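Numbering (full-length UniProt numbering), first residue to last: 1 to 639.
What follows is the structure, given as structure tokens:
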């Protein structure tokens with residue numbers, strides 16, 4: 001093995017006070033830029049070729065390099081003298097368990113579970129499906145797959161049998177690893193019946209490993225393995241050198257039809273990009289505590305719960321709980337205070353839930369949050385009102401940023417480790433180096449500064465972005481409409497201001513046409529959400545015989561908000577008129593208890609719009625609570 005031993009990931013030589021120069025260099029000399037970034041990792045065979053553009057617009061990064069992601073995330077930190085540094089902090093308010101794993105302990109457990117997989121016949125390129133809650137063993141399984149070159153595919157724990165079956169059928173795994181149950185604040189969710197139902201509908205018969213949890217144990221049937229017993233009997237396995245272009249994982253996300261598509265991520269480009277982003281976007285180095293309040297079933301969990309923090313030798317928090325209800329709206333602040341979190345990542349919907357329950361921030365003010373340097377927010381548009389609330393409460397930078405499952409890491413951000421540019425509420429920041437962000441109009445021409453259009457990315461996409469769709473590797477560019485041909489179409493609309501800040505106003509199908517005027521529902525939501533009584537809101541465009549479409553607002557109020565709903569509605573209509581213009585023609589405002597969302601916090605605007613127009617849109621399988629959408633039908637149907 002010819003692995004170059006690397007230290008604990010020194011920074012690259014980027015001048016931290018000159019974002020513009022770094023960004024320009026990343027686009028004008030991408031091979032030089034990413035070759036330098038790649039030197040922070042340990043390679044079995046350092047790449048001599050950085051970018052393979054022979055199949056443009058489909059590019060491959062580091063095509064002749066070899067490395068192992070697990071080695072870079074775990075073993076090399078042990079070998080560089082950080083064996084006793086805490087790698088994982090497990091905090092589970094739903095079970096009352098807190099536990100830590102050092103890098104040495106993590107390496108040993110990963111190596112032994114890799115031995116379990118090897119004993120089940122798993123080899124390089126074989127798939128392993130995970131159906132697990134947020135527990136350390138889920139991270140260990142992911143890293144064990146990376147250790148031997150298997151491709152992991154994580155399915156959010158608790159997914160319905162039909163959706164689990166769809167993903168198993170597409171990935172065709174050799175092994176399924178699952179937890180016996182998930183623990184929710186008010187209930188226990190057994191996973192074995194769901195897995196059994198999913199497998200009954202398929203001809204596949206993968207081997208099964210079950211992690212037993214004391215809250216609800218599963219039956220271990222003949223041919224199946226118990227996690228603890230299997231690990232105790234397994235031999236440790238070393239890391240396997242792999243081509244940088246080998247797939248690391250397949251992560252399923254909803255496609256345009258509501259059906260799943262498997263986003264494929266490679267090993268080399270992924271490791272390089274995430275290590276670079278951890279330092280330059282999030283300003284986190286080895287030895288610091290980082291917390292991405294997400295689940296490993298989502299891309300945030302893959303990138304920033306598991307891989308990125310471990311690649312730079314940081315401590316990552318694995319949280320099994322909710323932002324409110326475990327036990328109260330102070331859960332986020334407790335974790336920050338108890339574990340000394342330096343950087344935190346949360347979804348806007350989590351902040352809005354906390355704000356709704358504790359608008360004065362009393363629970364946050366009762367904690368010592370001096371360790372927190374930055375709060376990062378992504379996953380849903382961060383409305384300026386929530387941005388200001390969190391900024392005033394925490395007195396640290398609240399950094400909005402924007403990216404997608406397909407990109408794997410931020411497209412736009414306030415880069416906290418690359419200069420100190422001001423943050424602008426309502427904007428997710430500047431284009432991140434490597435991403436050539438373009439705003440194109442309906443004819444595919446560049447839009448003027450301040451003019452809204454489709455947000456597109458000009459290839460080559462940087463390392464770490466998707467290398468294709470599982471089984472349909474050339475789909476992601478060819479699916480773009482003709483005016484944007486040759487670009488990656490993000491599906492979002494927005495604009496860039498005179499200083500280069502990007503504003504993401506919503507999905508392209510959330511732009512509505514009112515009497516011939518194209519208006520962004522995101523701008524209207526910003527106006528509605530700024531009202532002091534509004535916790536969160538959604539604005540949708542509904543069909544109108546006279547104007548084509550008109551906006552309707554659905555709002556959730558803060559705890560203790562006014563009971564004068566008539567006056568509130570009038571105030572919100574006036575706000576939209578003043579901030580967007582009278583042409584917006586907002587007249588209908590409905591106060592609701594909850595908005596329908598996916599488990600990752602995205603509001604289902606498209607589904608609500610379809611119901612209001614009398615048609616059914618595909619509802620993603622990731623919907624958090626289908627009853628919320630059903631309960632809104634009578635409101636949405638009413639004129």
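Glycine included, each C-beta is placed from N, C-alpha and C at the ideal position.
The model shown is predicted, which means the values in this text are computed figures rather than measured ones.
Mapping DSSP to helix, strand and coil, what is residue 113? For the purposes of this step, residue 113 is identified with residue 113 of the chain shown, where counting begins at 1. Assignment of residue 113 by DSSP, reduced to helix, strand and coil, places it in the helix class.
Please list the segments of the beta strand (DSSP E) lying wholly inside the region 404-452, counting only runs of 3 or more residues, in order along the chain. Taken in chain order, the complete beta strand (DSSP E) segments of 3 residues or longer contained in the region 404-452 are 437-440.
I need the straight-line Cα distance from residue 593 to residue 283, nearest angstrom please. Indexing the chain shown from 1 puts residue 593 at position 593. Indexing the chain shown from 1 puts residue 283 at position 283. CA-CA distance, residue 593 to residue 283, rounds to 38 Å.
Terminal residues of the beta strand (DSSP E) in which residue 181 lies: For this step, residue 181 is matched to residue 181 along the chain shown. In the DSSP assignment, residue 181 falls within the unbroken beta strand (DSSP E) covering 181-183.
Following the continuous beta strand (DSSP E) through residue 319, name the residue where it begins and the one where it ends. Within the chain shown, numbered from 1, the residue matching residue 319 stands at position 319. First-last of the beta strand (DSSP E) with residue 319: 315-319.
From this set, 90, 334, 361 and 35, which residue's C-alpha is nearest residue 63's C-alpha? Taking the first residue of the chain shown as position 1, residue 63 is located at position 63. Nearest Cα to residue 63 within the set 90, 334, 361 and 35: 35.
Can you check whether the C-beta of residue 271 is within less than 9 Å of a C-beta belonging to chain B? The structure shown contains no chain B; it holds only a single protein chain.
Report the three-state DSSP secondary structure of residue 626 (helix, strand or coil). As a position in the chain shown, residue 626 is number 626, starting the count at 1. Note: residue 626 maps to helix in three-state DSSP.
Enumerate in chain order the residues of its own chain whose CB-to-CB distance from residue 206 is below 7 Å, with the five nearest sequence positions on each side excluded. Residue mapping note: residue 206 aligns to position 206 of the chain shown, counting from 1. 173, 174, 175 and 176, listed in sequence order.
Can you look up residue 213 in the DSSP assignment and give me helix, strand or coil? Looking up residue 213 in the chain shown gives position 213. Strand at residue 213.
Name the DSSP bridge partner or partners of residue 462? By 1-based counting over the chain shown, the position of residue 462 is 462. In the DSSP output, where bridge partners are listed per residue, residue 462 has none listed.
Identify the continuous alpha helix (DSSP H) that holds residue 170 and give its terminal residues. Looking up residue 170 in the chain shown gives position 170. That run of the alpha helix (DSSP H) goes 161-171.
Out of 180, 417, 413 and 253, which has the shortest C-alpha to C-alpha gap to residue 158? The count along the chain shown starts at 1 and reaches residue 158 at position 158. Out of 180, 417, 413 and 253, 180 has the C-alpha closest to the C-alpha of residue 158.
Is there contact between the region 206-216 and the region 63-80, where contact requires at least three CB pairs shorter than 8 Å? The region 206-216, when compared against the region 63-80, does not touch it at the 8 Å Cβ threshold.
Rank 343, 334 and 378 by C-alpha distance to the C-alpha of residue 365 and give the top, closest one. Within the chain shown, numbered from 1, the residue matching residue 365 stands at position 365. Closest in alpha carbon position to residue 365, among 343, 334 and 378, is 334.
Identify the continuous beta strand (DSSP E) that holds residue 541 and give its terminal residues. Start at 1 with the first residue of the chain shown, and residue 541 comes out as number 541. Here the beta strand (DSSP E) through residue 541 covers 534-544.
Can you give, in chain order, each stretch of the beta strand (DSSP E) that sits fully within the region 56-113 and has at least 3 residues? As far as the region 56-113 is concerned, its whole beta strand (DSSP E) runs of at least 3 residues are 58-61, 86-92 and 97-102.
Three Cβ pairs or more, each shorter than 8 Å: is that satisfied between the region 23-35 and the region 449-465? Because the criterion of three Cβ pairs below 8 Å is met, the region 23-35 and the region 449-465 touch.
Specify the secondary structure class of residue 296 as computed by DSSP and reduced to three states. As a working mapping, residue 296 is identified with position 296 in the chain shown. Shown here, residue 296 sits in coil according to DSSP, grouped into three states, outside any helix or strand.
So, are the CB atoms of residue 321 and residue 170 less than 9 Å apart? Along the chain shown, one-based indexing puts residue 321 at 321. Along the chain shown, one-based indexing puts residue 170 at 170. Not a contact, by the Cβ cut-off of 9 Å.
Taking the straight line between their C-alpha atoms, what separation do you get for residue 128 and residue 295? Position 128 of the chain shown, counted from the first residue, corresponds to residue 128. Position 295 of the chain shown, counted from the first residue, corresponds to residue 295. Distance from the CA of residue 128 to the CA of residue 295, rounded to the nearest whole angstrom, comes to 18 Å.
In terms of alpha-carbon separation, which member of 203, 164 and 215 lies closest to residue 189? By one-based count along the chain shown, residue 189 stands at place 189. The option with the nearest alpha carbon to residue 189 is 215.
Leaving out five residues before and five after residue 289 in sequence, what residues of the same chain have Cβ atoms less than 6 Å from its Cβ? Counting from one through the chain shown, the residue named residue 289 turns up at place 289. Correct list, in chain order: 315, 339, 340, 341 and 342.
From 141, 310 and 550, residue whose alpha carbon lies closest to that of residue 576: Translated into the one-based positions of the chain shown, residue 576 becomes position 576. Put simply, of 141, 310 and 550 the residue whose alpha carbon is nearest the alpha carbon of residue 576 is 550.
Mapping DSSP to helix, strand and coil, what is residue 152? Sequence index remark: in the chain shown, residue 152 carries index 152 (1-based). The three-state reading of DSSP puts residue 152 in strand, counting E and B together.
Terminal residues of the continuous alpha helix (DSSP H) containing residue 196? Position 196 of the chain shown, counted from the first residue, corresponds to residue 196. Counting along the chain, the alpha helix (DSSP H) containing residue 196 begins and ends at 192-200.
Where residue 585 falls, given that 16 or more other Cβ within 10 Å makes a residue buried: Start at 1 with the first residue of the chain shown, and residue 585 comes out as number 585. Buried is the label assigned to residue 585, since at least 16 other Cβ atoms lie within 10 Å of its Cβ.
Alpha carbons only, please: which of 241, 572, 529 and 308 is nearest the one belonging to residue 148? In the chain shown, counting from the first residue as 1, residue 148 sits at position 148. Looking at 241, 572, 529 and 308, the one whose alpha-carbon comes closest to that of residue 148 is 241.
Take the Cβ of residue 94 as the centre, count every other Cβ of all protein chains shown within 10 Å, and call the residue buried at 16 or more, exposed below. Here the question's residue 94 lines up with position 94 in the chain shown. Buried, because 16 or more other Cβ atoms sit within 10 Å of the Cβ of residue 94.
DSSP state of residue 234, grouped into three classes? Working through the chain shown from its first residue, we reach residue 234 at position 234. Taken through DSSP and simplified to helix, strand or coil, residue 234 comes out as coil.
Would you report the Cα separation of residue 310 and residue 114, rounded to the nearest angstrom? Position 310 of the chain shown, counted from the first residue, corresponds to residue 310. Position 114 of the chain shown, counted from the first residue, corresponds to residue 114. So the alpha carbons of these two residues sit roughly 18 Å apart.
So is residue 98 buried or exposed if we call it buried at 16+ other beta carbons inside 10 Å? Reading the chain shown from its first residue, position 98 is the one you call residue 98. In this structure residue 98 is exposed. Its beta-carbon is surrounded by fewer than 16 other beta-carbon atoms within 10 angstroms.
What are the start and end residues of the beta strand (DSSP E) that includes residue 375? Position 375 of the chain shown, counting from 1, holds the residue named residue 375. Its beta strand (DSSP E) spans residues 374-377.
Please report the Cβ distance between residue 502 and residue 412, rounded to the nearest whole angstrom; I am assuming they are in contact, meaning their Cβ atoms lie under 8 Å. If you number the chain shown from 1, residue 502 lands on position 502. If you number the chain shown from 1, residue 412 lands on position 412. Taking 8 Å as the upper bound for CB-CB distance, residue 502 and residue 412 are in contact here, some 5 Å apart.
With a threshold of 7 Å on Cβ separation, who are the neighbours of residue 535 within its own chain once the five nearest residues in sequence on each side are excluded? Stepping through the chain shown from its first residue, residue 535 is reached at position 535. Excluding the 5 residues flanking it on each side, residue 535 has same chain C-beta neighbours closer than 7 Å at 352, 355, 356, 556, 557 and 558, in chain order.
Reference residue 142, options 84, 601, 87 and 70, closest by Cα: On the chain shown, position 142 is the one that residue 142 refers to. A check of alpha carbon separations from residue 142 across 84, 601, 87 and 70 identifies 70 as the nearest.
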